[in-house]
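Have a look at the structure below, then the notes.
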């Protein structure tokens with residue numbers, strides 16, 4: 001029996017946590033697929049699917065919701081959902097759960113793990129959650145993994161698993177609507193320092209929204225397509241990309257503390 005985890009990880013923390021989950025699961029072998037890779041494997045060969053992402057402004061990134069909508073429907077295929085978050089998770093997990101159910105899948109597990117903050121908006125104001133997850137959160141994370149492994153074992157034995165629901169919190173739905181389009185949650189208009197740019201095109205390759213193109217050898221940004229995911233900004237190897245709001249603070253990869261905690 002095989003499983004597949006679709007993941008979307010801007011700075012590597014979500015992938016790190018997904019690797020940790022797989023390292024602790026004994027009753028099934030998992031493959032991984034980066035949602036940014038458009039060549040989606042045939043899901044019919046997998047008994048269970050996982051969807052892993054990070055929280056962006058109280059919900060999954062728009063790209064993840066669109067990705068789930070694009071994959072084939074398959075009635076009652078078992079799935080679990082997982083996400084990482086910094087300060088506040090909001091309705092991320094419940095939206096993920098509802099999204100997979102709408103594709104006909106059977107949701108059997110879900111978990112949100114508090115991890116260091118990667119949003120530059122938060123980091124700018126010294127809200128970092130740099131010590132997350134704490135001991136209690138790690139215990140709960142491991143309990144989730146053990147429960148998932150138990151359910152996988154039961155599936156192996158032909159036992160039907162009950163579907164679960166993840167309740168939305170209305171307050172986050174309201175707050176998201178009120179702040180939608182607010183400049184506080186956006187990266188702002190982006191620019192390129194041509195003296196630093198090495199024309200590697202990494203920003204274009206990594207942009208999930210196809211909002212970056214090259215003109216006269218340098219990247220240009222389609223601000224109408226941009227969803228302020230900060231992937232181009234954080235991953236530029238020479239820090240050539242900046243905005244009027246963000247020029248120095250960057251989060252390129254998981255910090256050493258969380259790497260140690262999620263070592264497998």
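In full-length UniProt numbering, the protein residues as written are 1 to 264.
Where is the CB? At the ideal position from N, CA and C, for every residue including glycine.
| request: Give the secondary structure of residue 227 by DSSP, where H, G and I count as helix, E and B as strand, and everything else as coil. | output: Along the chain shown, read from residue 1 onward, the residue named residue 227 stands at position 227. Note: residue 227 maps to coil in three-state DSSP.
| said: Among the candidates 52, 92 and 239, whose CA atom is the shortest distance from the CA of residue 36? | reply: Numbered from its first residue, the chain shown carries residue 36 at position 36. Closest by alpha carbon: 52.
| Among 115, 94, 116 and 103, which one has its Cα closest to the Cα of residue 109? | By one-based count along the chain shown, residue 109 stands at place 109. Checked all of 115, 94, 116 and 103; the closest Cα to residue 109 is 94.
| request: Spatial neighbours of residue 82 within its chain, please: CB distance less than 6 Å, with the 5 preceding and 5 following residues excluded, ordered by chain position. | output: Position 82 of the chain shown, counted from the first residue, corresponds to residue 82. Result list for residue 82: 52 and 111, in chain order.
| field | Per DSSP, the bridge partner or partners of residue 133 | value | Here residue 133 refers to the residue found at position 133 when the chain shown is read from its first residue. As far as DSSP is concerned, residue 133 takes part in no beta bridge.
| task | Give the DSSP-derived three-state secondary structure of residue 10 in the structure shown. | result | In the chain shown, the residue the question calls residue 10 occupies position 10. Coil.
| query | Where residue 236 and residue 253 are concerned, what is the direct C-alpha to C-alpha distance, given to the nearest angstrom? | reply | On the chain shown, residue 236 is found 236 positions in, with the first residue counted as 1. On the chain shown, residue 253 is found 253 positions in, with the first residue counted as 1. The C-alpha of residue 253 is placed about 12 Å away from the C-alpha of residue 236.
| task | Mind checking which residues open and close the beta strand (DSSP E) that includes residue 32? | result | Here residue 32 refers to the residue found at position 32 of the chain shown. 29-34 is the extent of the beta strand (DSSP E) around residue 32.
| query | Is DSSP giving residue 240 helix, strand or coil here? | reply | For the purposes of this step, residue 240 is identified with residue 240 of the chain shown, where counting begins at 1. If DSSP states are grouped into helix, strand and coil, residue 240 belongs with coil.
| Enclosing beta strand (DSSP E) for residue 79 [first to last residue] | Sequence index remark: in the chain shown, residue 79 carries index 79 (1-based). Following the DSSP letters along the chain, one finds residue 79 inside the beta strand (DSSP E) bounded by residues 78-85.
| Given 8 Å as the limit, is there contact between the segment 15-32 and the segment 138-157, that is, 3 or more CB pairs closer than that? | Verdict: yes, contact present.
| message | Rounding to the nearest angstrom, what Cα-Cα distance links residue 189 and residue 92 in this structure? | response | By one-based count along the chain shown, residue 189 stands at place 189. By one-based count along the chain shown, residue 92 stands at place 92. Between residue 189 and residue 92, the alpha-carbon positions lie close to 26 Å from each other.
| request: Sort 85, 264, 29 and 240 by Cα distance to residue 1 and report the nearest one. | output: What you label residue 1 is simply residue 1 of the chain shown in a count that begins at 1. Looking at the Cα atoms, 29 is the closest of the given residues.
| query | Going by alpha carbons, who is nearest to residue 222 out of 204, 238 and 132? | reply | Residue mapping note: residue 222 aligns to position 222 of the chain shown, counting from 1. That would be 204, whose Cα lies nearest to the Cα of residue 222.
| query | Looking at C-alpha atoms only, which residue of 60, 239, 64 and 5 is the closest neighbour of residue 193? | reply | Along the chain shown, read from residue 1 onward, the residue named residue 193 stands at position 193. Here the closest residue by C-alpha is 239.
| task | Let me know the secondary structure DSSP gives residue 47 once reduced to three states. | result | The count along the chain shown starts at 1 and reaches residue 47 at position 47. Residue 47 carries a coil assignment under DSSP once its states are collapsed to helix, strand and coil.
| query | Roughly how many angstroms lie between the CA atoms of residue 154 and residue 63, to the nearest whole one? | reply | As a working mapping, residue 154 is identified with position 154 in the chain shown. As a working mapping, residue 63 is identified with position 63 in the chain shown. When rounded, the distance between both Cα atoms is 33 Å.
| field | DSSP three-state assignment for residue 57, whether helix, strand or coil | value | Numbered from 1 along the chain shown, position 57 holds the residue referred to as residue 57. Residue 57 carries a coil assignment under DSSP once its states are collapsed to helix, strand and coil.
| query | What whole-angstrom Cβ distance do residue 208 and residue 229 have, given they're in contact under 8 Å? | reply | Position 208 of the chain shown, counted from the first residue, corresponds to residue 208. Position 229 of the chain shown, counted from the first residue, corresponds to residue 229. Between residue 229 and residue 208 the Cβ distance is about 7 Å, and since that is below 8 Å, they are a contact.
| field | Cβ neighbours of residue 213 in the same chain (closer than 8 Å, five flanking residues each side left out) | value | In the chain shown, residue 213 corresponds to position 213, counting from 1. For residue 213, where only same-chain residues beyond five positions count, the Cβ hits under 8 Å are 204, 219, 220 and 222.
| message | Taking its Cβ as the centre, do 16 or more other Cβ atoms sit within 10 Å of residue 104, making it buried, or is it exposed? | response | Here residue 104 refers to the residue found at position 104 when the chain shown is read from its first residue. Residue 104 should be labelled exposed.
| Integer Cβ distance of residue 165 from residue 97, believed to fall under 8 Å | Start at 1 with the first residue of the chain shown, and residue 165 comes out as number 165. Start at 1 with the first residue of the chain shown, and residue 97 comes out as number 97. Indeed, because the Cβ distance is near 7 Å, the residues count as touching under 8 Å.
| field | Candidates 69, 161 and 121, of which the one nearest residue 243 by Cα | value | For this step, residue 243 is matched to residue 243 along the chain shown. Cα-wise, what sits closest to residue 243 is 121.
| task | Go ahead and label residue 200 buried or exposed: buried means 16 or more other beta carbons lie within 10 angstroms of its beta carbon, across all protein chains shown. | result | As a first step, residue 200 is located in the chain shown; it is residue number 200 there, counting from the start. Per the 10 Å Cβ criterion, exposed.
| request: Mind reading off the beta-carbon distance from residue 31 to residue 4? Whole number of angstroms is fine, and I expect it under 8 Å. | output: For this step, residue 31 is matched to residue 31 along the chain shown. For this step, residue 4 is matched to residue 4 along the chain shown. About 5 Å separates the two Cβ atoms, so the contact holds.
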